[in-house]
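Enquirer: Right, I'll just put the structure down here and ask away after.
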Amino acid sequence: MAHSFLKAQPWIFSARFDLGFILAPALVVTLAALVWSLSGGAASETSPWVWLVLVVGVDVAHVYSTLFRTYLDRAELSARPWLYGLTPLLAWLGGCLLYWCGSLVFWRVLAYAAVFHFVRQQYGFMMIYARRERGLPPLFRRIDKAAIYGATLYPLIYWHCHQREFSWFIEGDFIRLDLPLLATVAGLAYAAILAAYVIKEAALLRRGIGFNLPRNLLLVGTAMSWFIGIVLFDNDLVFTGTNIIAHGIPYIALIWGYGRNQARLQGGRSSFLAPWIAHLFTWRAVPVYMAALFGLAYLEEGLWDGFVWREHGSLFGLFGTLPSLGSSDALIWLAPLLAMPQATHYILDAFIWRMQTRDTSKAGSVRARTGALLMDARVTDQPQAVQAQPFAPGLHLLVDFWECRGLRDAEGIERTLREAAAACGATVLGVILHNFGEGAGITGVALLAESHISIHTWPETGYAALDLFMCGRCDPRGALPVLEAWFSPGRTRITEHRRG
Numbered sequence: 037m038a039h040s041f042l043k044a045q046p047w048i049f050s051a052r053f054d055l056g057f058i059l060a061p062a063l064v065v066t067l068a069a070l071v072w073s074l075s076g077g078a079a080s081e082t083s084p085w086v087w088l089v090l091v092v093g094v095d096v097a098h099v100y101s102t103l104f105r106t107y108l109d110r111a112e113l114s115a116r117p118w119l120y121g122l123t124p125l126l127a128w129l130g131g132c133l134l135y136w137c138g139s140l141v142f143w144r145v146l147a148y149a150a151v152f153h154f155v156r157q158q159y160g161f162m163m164i165y166a167r168r169e170r171g172l173p174p175l176f177r178r179i180d181k182a183a184i185y186g187a188t189l190y191p192l193i194y195w196h197c198h199q200r201e202f203s204w205f206i207e208g209d210f211i212r213l214d215l216p217l218l219a220t221v222a223g224l225a226y227a228a229i230l231a232a233y234v235i236k237e238a239a240l241l242r243r244g245i246g247f248n249l250p251r252n253l254l255l256v257g258t259a260m261s262w263f264i265g266i267v268l269f270d271n272d273l274v275f276t277g278t279n280i281i282a283h284g285i286p287y288i289a290l291i292w293g294y295g296r297n298q299a300r301l302q303g304g305r306s307s308f309l310a311p312w313i314a315h316l317f318t319w320r321a322v323p324v325y326m327a328a329l330f331g332l333a334y335l336e337e338g339l340w341d342g343f344v345w346r347e348h349g350s351l352f353g354l355f356g357t358l359p360s361l362g363s364s365d366a367l368i369w370l371a372p373l374l375a376m377p378q379a380t381h382y383i384l385d386a387f388i389w390r391m392q393t394r395d396t397s398k399a400g401s402v403r404a405r406t407g408a409l410l411m412d413a414r415v416t417d418q419p420q421a422v423q424a425q426p427f428a429p430g431l432h433l434l435v436d437f438w439e440c441r442g443l444r445d446a447e448g449i450e451r452t453l454r455e456a457a458a459a460c461g462a463t464v465l466g467v468i469l470h471n472f473g474e475g476a477g478i479t480g481v482a483l484l485a486e487s488h489i490s491i492h493t494w495p496e497t498g499y500a501a502l503d504l505f506m507c508g509r510c511d512p513r514g515a516l517p518v519l520e521a522w523f524s525p526g527r528t529r530i531t532e533h534r535r536g
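Numbering-wise (the numbering used here), the sequence shown opens with residue 37 and increments by one.
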């Protein structure tokens, strides 16, 4: 029974992966902080070696994991060259302007950009885990949003209204508000939101919809880590641990899981810039993956320590030979340059996890892959018509792909049809494909308990025609990211027809 319960949950990758690397970090580090405190832990500052592991090995490393989702992916680069070309330059120039206005201005803007990024990551996970909850009252989704935002924003408001013994980057980077009453009001509002969330969960159970384990664990972990790390304890070590681990490890895992699915789905046609990159996304290569991230993070922090901070000479001995520019005018261009990877990460992260499927441009096709490579994780704020009527006879899609790849690969097409059906929650009864000979096209059908997915390919023109019909609770639109990820169409046309 427990196995069936876990299998039915809306995991991003799998129960073991999500529980171990996306949901557990926040819960484990929070419980560790509580145990440490109850056992008499009193250290208020982070030791150099703990700092190396947490800040360099997790926090800065997670910034560089974005490379595998962006600059090391040929398809991404070709689809959005202006985004990836201009973002670092504009981030650096903007940073120079801010630093010219004052170093505190620069660090304050960067701190608020960072916290916005942290908050939005938790919101994104929340919406992904709620993606299958279709046909529910819009109020329920609003309560979910309010709960995850409340779990992050209330501690931040409290931080602004009370003196804390820790900072995000430098002392004074957050604006200090002498308004404890504001924190009290925010706390009461947050308590009301949590009460509404509990009532909403009870209503879902009464409707027989079931308990969404990952969504609730995500909310509990976020609420606990932010509250304990910022409000309950006034301790730099606790704040650093809860803040970094709850955010950095899930993000690094998300990138690795995405890369693993990309390597598996694309096979020998990987879009990574170099073939060896795909081999990093295997369990055996996890140490190499982490070592690569740590190496880049160590280099950046070494440059920071050598040129600017001079705080961890024992960890960055070689960088101690660099000239100290801590009070030099050169920091106007150097500090933004060193912070450029971080600023670029914050900006790009607002784009790379978008999962639209209706855009027929090349960039739209690449964005559609996001849903496929995060399994069936398509996020929509408003349920579409077929979602609001789960017992309608069905939705029929006619899909036209031009400028395709993989049109002769029968094995790859069969795998893709099965993946597409799974993304819709459909049951595959069998797949029949016929290859018309070397260099010729393929015709076939995936027979589903809910109906079918048929395909006909013309490699000589780069065209594929697909027919998707599913009834009941299955939404054939969930298959589109998987199909686009395999065929990589340059142009797409999708026609919808409601049956019955």
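Backbone N, C-alpha and C fix where the C-beta goes; we use that ideal spot for every residue, glycine too. All values derive from a computational prediction rather than experimental measurement.
#1: Note down, in chain order, each residue of its chain lying with its Cβ closer than 6 Å to the Cβ of Phe263, except the 5 sequence neighbours on either side.
#2: Three-state secondary structure (DSSP) at Asn271?
#3: Three-state secondary structure (DSSP) at Ser83?
#4: Less than 6 Å between C-beta atoms, sequence neighbours within five positions excluded: which residues of the same chain meet that for Thr416?
#5: Is Thr318 helix, strand or coil when you go by DSSP?
#6: Which runs of the alpha helix (DSSP H) fall wholly inside the segment 159-213 and span at least 4 residues, in chain order?
#7: Extract the residue ranges of the beta strand (DSSP E) inside the segment 436-516, only unbroken runs of 3 or more that lie entirely within it.
#8: Alpha carbon to alpha carbon, how far is Leu316 from Ala44?
#9: Suppose the cutoff is 6 Å on Cβ atoms and the five residues either side in sequence are ignored; what does the same chain contact list for Leu15 look like?
#10: Where does Phe308 fall in DSSP's three states?
#11: Tell me whether Glu112 sits in a helix, a strand or coil according to DSSP, three-state version.
#12: Which residues in the same chain have their Cβ closer than 6 Å to the Cβ of His492, if we skip the five residues on either side of it in sequence?
#13: Contact check, Val435 vs Leu483 under 8 Å by CB: the rounded distance?
#14: My understanding is that Tyr226 touches Gly257, with C-beta atoms under 8 Å, so please give their C-beta distance in whole angstroms.
#15: State the start and end residues of the unbroken alpha helix (DSSP H) segment that holds Glu237.
#16: Helix, strand or coil for Glu532 per DSSP?
#17: Is the segment 286-295 touching the segment 82-90 in the sense that three or more CB pairs, one from each, lie closer than 8 Å?
#18: What span of residues does the alpha helix (DSSP H) with Gln45 cover, start to end?
#19: Does Ser430 come out as helix, strand or coil in the three-state DSSP assignment?
#20: Following the continuous alpha helix (DSSP H) through Arg251, name the residue where it begins and the one where it ends.
#21: Buried or exposed, going by whether 16 or more other CB atoms sit within 10 Å of the CB of Asp109?
#22: For Arg527, which three-state DSSP category applies?
#23: Are Trp389 and Arg527 closer than 8 Å when you measure CB to CB?
#24: Ala521: which of Gln298, Leu215, Asp385 sits nearest, CA to CA?
#25: What span of residues does the alpha helix (DSSP H) with Val71 cover, start to end?
#26: Near Pro61, what residues of its chain come up, given a Cβ to Cβ distance below 7 Å and the 5 sequence neighbours on each side ignored?
#27: Asp385 lies in the alpha helix (DSSP H); which residues open and close that run?
#28: If you measure between the beta carbons of Phe275 and Phe202, is that distance less than 8 Å?
#29: Near His381, what residues of its chain come up, given a Cβ to Cβ distance below 7 Å and the 5 sequence neighbours on each side ignored?
#30: Report the CB separation of Tyr233 from Ala183 in whole angstroms; it is logged as a contact under 8 Å.
#31: Using the rule of at least 16 other Cβ atoms within 10 Å of the residue's Cβ for burial, across every protein chain shown, is Ser261 buried or exposed?
#32: Go through its chain and collect everything with a Cβ distance to Trp292's Cβ below 7 Å, but skip five positions before and after it.
#33: Can you tell me whether DSSP reads Arg105 as helix, strand or coil?
#34: Buried or exposed for Cys137, please, with buried defined as at least 16 other CB atoms from any protein chain shown within 10 angstroms of its CB.
#35: Which same chain residues, not among the five before or five after Gln418, have their C-beta less than 6 Å away from its C-beta?
#36: Give the straight-line distance between the Cα atoms of Arg346 and Phe355, rounded to the nearest whole angstrom.
Expert: Taking the structure as given:
#1: Contacts found: Pro191.
#2: coil
#3: Coil.
#4: Because Thr416 carries a pLDDT of 34, less than 50, the predicted location of this residue cannot be relied on, and no value is offered for it.
#5: coil
#6: 174-197
#7: 464-471, 478-484, 487-494, 499-506
#8: 29 Å
#9: What is shown of the chain runs 37 to 536, which leaves residue 15 out entirely.
#10: strand
#11: helix
#12: Thr479, Ala501
#13: Between Leu483 and Val435 the Cβ distance is about 18 Å, and since that is not below 8 Å, they are no contact.
#14: 16 Å between Cβ atoms; not a contact.
#15: 216-242
#16: strand
#17: By the criterion of at least three beta-carbon pairs nearer than 8 Å, the segment 82-90 is not in contact with the segment 286-295.
#18: Careful: Gln45 lies outside any alpha helix (DSSP H) and carries neither H nor E.
#19: Inspection of the sequence shows that residue 430 is occupied by Gly rather than by Ser. Reduced to three states, the DSSP call for Gly430 is strand.
#20: Looking at the DSSP string, the run of the alpha helix (DSSP H) that includes Arg251 is 249-262.
#21: buried
#22: strand
#23: no
#24: Gln298
#25: 60-74
#26: Within the same chain, Cβ atoms closer than 7 Å to the Cβ of Pro61 are found at Ile281, Ala282, Ile285, Pro286, the five residues on either side in sequence being excluded.
#27: 367-388
#28: Phe275 is a Cβ neighbour of Phe202, given a cutoff of 8 Å.
#29: Val99, Thr102
#30: 4 Å
#31: buried
#32: Phe317, Tyr325
#33: helix
#34: Flag for Cys137 reads exposed.
#35: Only weak support is given to the placement of Gln418: the predicted model assigns it a pLDDT of 32, under 50, and the value that follows is read from those uncertain coordinates. Here the set comprises nothing.
#36: 9 Å
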